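In what follows, a single structure is set out as structure tokens and then discussed.
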Ligand SMILES: [Zn+2]
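Numbering (the working numbering), first residue to last: 143 to 443.
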């Protein structure tokens with residue numbers, strides 16, 4: 143499943159490839175891919191002659207900003223991909239939505255398992271809210287539904303300047319959840335999934351079952367730095383491909399072979415040589431080194 147680095151890679155590819163392009167027409171081949179507006183024929187009508195002004199990312203969604211301020215969100219979920227197809231590229235049975243561009247290219251949304259969703263929303267409200275402000279934000283909500291509301295329950299972006307070690311410490315305070323569970327919680331921090339949660343915990347030398355509120359200041363700083371480092375490195379390597387993930391150029395990312403623990407159970411730890419172990423935390427496979435990532439006595443739960 144694409145996480146922050148994979149979605150960021152797709153967004154950056156699209157920014158280079160289609161910013162400034164005009165959508166002349168769209169074709170929806172699988173109605174349930176369209177989350178908003180309904181019915182999908184309305185989605186198609188509302189996109190005709192829209193100009194793509196820029197492409198970005200929030201959490202695990204690609205944001206396609208249109209010239210008039212509206213925003214199209216693409217949640218890739220399990221197997222979704224956005225691919226720019228030059229004229230003449232053969233069609234593909236897994237393409238669910240086609241955006242035809244004025245220059246003859248197509249922006250194709252391909253999704254084998256069909257879990258991904260595309261929405262078209264009014265602009266606005268996209269600032270990153272603190273969880274504490276959530277209640278107020280809900281009360282302030284007014285029609286029409288804006289793109290910011292789609293992400294109203296998401297936590298901060300871990301790679302922004304404002305996501306400091308102090309802010310991270312503040313968010314961890316009083317949280318008794320296990321570190322692995324908390325890192326996967328999108329309302330705690332946006333964009334981290336199973337791969338990068340395991341990688342960050344290994345890098346920070348913290349056991350995945352550690353209770354968040356037992357971390358020392360030094361451990362909090364280590365985890366904060368580790369989360370940002372593993373995400374940045376993965377972006378530099380264009381993301382980790384295990385099955386379906388590809389960039390907008392259709393090519394897989396190169397980061398999978400550079401992972402330290404994820405899906406390496408039984409293989410030697412790159413730091414100490416001990417065999418990596420796999421446990422299940424909250425129904426998710428979790429990989430860690432039993433020597434580098436010890437659970438202090440009486441500290442985990
Ligand atoms: Zn180790």
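Quick reminder that beta carbons are idealized off the backbone N, C-alpha and C, glycines included.
Owing to the predicted nature of the structure, the values given are computational and were not obtained by experimental measurement.
Answer yes or no: the CB of residue 416 versus the heavy atoms of ligand 1, is any distance below 8 Å?
yes
Nonlocal neighbours in the same chain, by C-beta distance under 8 Å from residue 423, ignoring five residues either side
320, 322, 323, 350, 351
Roughly how many angstroms separate the alpha carbons of residue 155 and residue 197, rounded to a whole number?
9 Å
By Cβ distance, which residues of its chain are closer than 7 Å to residue 212, with the 5 residues on each side in sequence left out?
Here the set comprises 262, 263, 264, 265.
Compute the distance between the beta-carbons of residue 162 and residue 194, then report whether it is under 9 Å.
Yes, they are a contact pair.
Measure from the alpha carbon of residue 436 to the alpha carbon of each residue in 360, 343, 369, 387, then state which is nearest.
Checked all of 360, 343, 369, 387; the closest Cα to residue 436 is 343.
Check the DSSP bridge columns for residue 200 and list the partner residues they point to.
203
Once DSSP output is grouped into helix, strand and coil, what is the label at residue 282?
Here the model assigns residue 282 a pLDDT of 49, short of 50, so the residue's position is not dependable, and the following value carries that caveat. In this structure, residue 282 counts as helix in the three-state DSSP scheme.
So the candidates are 201, 410, 188, 169; which of them puts its Cα closest to the Cα of residue 299?
201
Cβ-based neighbour list, residue 166, same chain, cut-off 6 Å, excluding 5 preceding and 5 following:
So the list reads 242, 244, once near-sequence residues are dropped.
Find the nearest neighbour of residue 394 within the set 400, 227, 367, 384, judged by alpha-carbon distance.
Out of 400, 227, 367, 384, the CA that lies nearest to the CA of residue 394 is found in 384.
In whole angstroms, give me the CA-to-CA distance for residue 151 and residue 301.
14 Å
Using alpha carbons as the reference points, say which of 408, 254, 268 lies closest to residue 432.
Residue 408 is the option with its Cα nearest to residue 432.
Please check the pair residue 357 and residue 325, which I expect to be a contact at CB under 8 Å, by giving their CB distance rounded to whole angstroms.
So it is not a contact: roughly 12 Å between Cβ atoms.
For residue 251, which beta-bridge partners are listed by DSSP?
224, 239
Run the CB neighbour count on residue 228, radius 10 Å, all protein chains shown included, and call it buried at 16 or more, exposed below.
exposed
Distance between residue 387 and residue 220 (C-alpha atoms, nearest Å)
9 Å
Given residue 375, which residues of its chain have a CB within under 6 Å of its CB, disregarding the five upstream and five downstream residues?
none
Determine the direct distance from the alpha carbon of residue 335 to that of residue 146, and round the result to whole angstroms.
Approximately 8 Å, taken between the alpha carbons.
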